[in-house]
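Numbering (our numbering), first residue to last: 1 to 239.
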């Protein structure tokens, strides 16, 4: 195989790893802010959504009596739990207007969120590995003064991202979101919940909230990736 092709293939792996690392970093930066839930709570009128479906819940009543701050706190509890291997999910509870303490989550929801916690652990490792590959690969390739064929790499990266965008455009974001659930989560674990049976789905206005969160993660991630490419270009020009 041509040496130039091998070098560009290595650069492609490094650039893809950097993109994944940037998206993972964008994702992790959202965690301290509870994925911007307070912002989306207002923008998506989640309060109104809770007021509509909370009273219709078949299993747990009184969630719609809580304040905005209590809703934000409970969502933050879910975020903390799924980022801590699922610990604390079963302990999440609230007190209704009559002073009765109730669990926030039912067993199927806890099982699903535990699956989410397990997935987060895997994605965290994948993000760390991507960052390691990108950092070491970039350092070594710059040190050895191996140039990037920017036009070639741009076509490859653009083609890959274009294919992803095409799938989203043709199938639709919601269909892709649901199909990923089918592929990722165990067959015997419930992952789709109607608003009338799940306070979790109600407070998240699923899947709308995930669309907003995904957009901001992508925005931050691609911003970080663009910054990486600009810095990389400058370093290579100096070399």
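Idealized CB from N, CA, C, for every residue including glycine. Here the structure is a predicted model, which means the values were calculated and not measured.
Query	Result
In whole angstroms, what separates the C-alpha of residue 132 from that of residue 122?	15 Å
Over the uninterrupted alpha helix (DSSP H) stretch that includes residue 139, give me the two end residues.	107 to 143
So, residue 235 versus residue 142, is the Cβ gap smaller than 8 Å?	yes
Would you check if the region 26 to 45 and the region 206 to 220 touch, i.e. whether three or more CB-CB distances between them fall below 8 Å?	yes
Using 8 Å as the limit for Cβ to Cβ distance, is residue 209 near chain B?	Absent from the structure: chain B. Only one protein chain is present.
Answer with buried or exposed for residue 171, where buried requires no fewer than 16 other C-beta atoms within 10 angstroms of its C-beta.	exposed
Less than 8 Å between the beta carbons of residue 134 and residue 24, yes or no?	no
Per DSSP, what kind of secondary structure is residue 103 in: helix, strand or coil?	strand
Below 8 Å, can you find three or more Cβ-Cβ pairs linking the region 108 to 125 to the region 172 to 192?	yes
Quick check on the burial criterion: 16 or more other C-beta atoms within 10 angstroms. Buried or exposed for residue 111?	buried
What alpha helix (DSSP H) runs, 4 residues minimum, are completely inside the region 155 to 235?	173 to 184, 199 to 204
What are the boundary residues of the beta strand (DSSP E) that residue 93 is part of?	93 to 95
Shortest alpha-carbon distance to residue 69 belongs to which of 34, 55, 220?	34
Kindly indicate the opening and closing residues of the alpha helix (DSSP H) around residue 35.	Element bounds for residue 35: n/a, residue is neither H nor E.
Here's a check: name, in chain order, each residue in its chain whose Cβ is nearer than 6 Å to the Cβ of residue 95, leaving out the five neighbours to either side.	101
When the Cα atoms are used, what is the spatial distance from residue 105 to residue 64?	15 Å
Using the rule of at least 16 other Cβ atoms within 10 Å of the residue's Cβ for burial, across every protein chain shown, is residue 231 buried or exposed?	exposed
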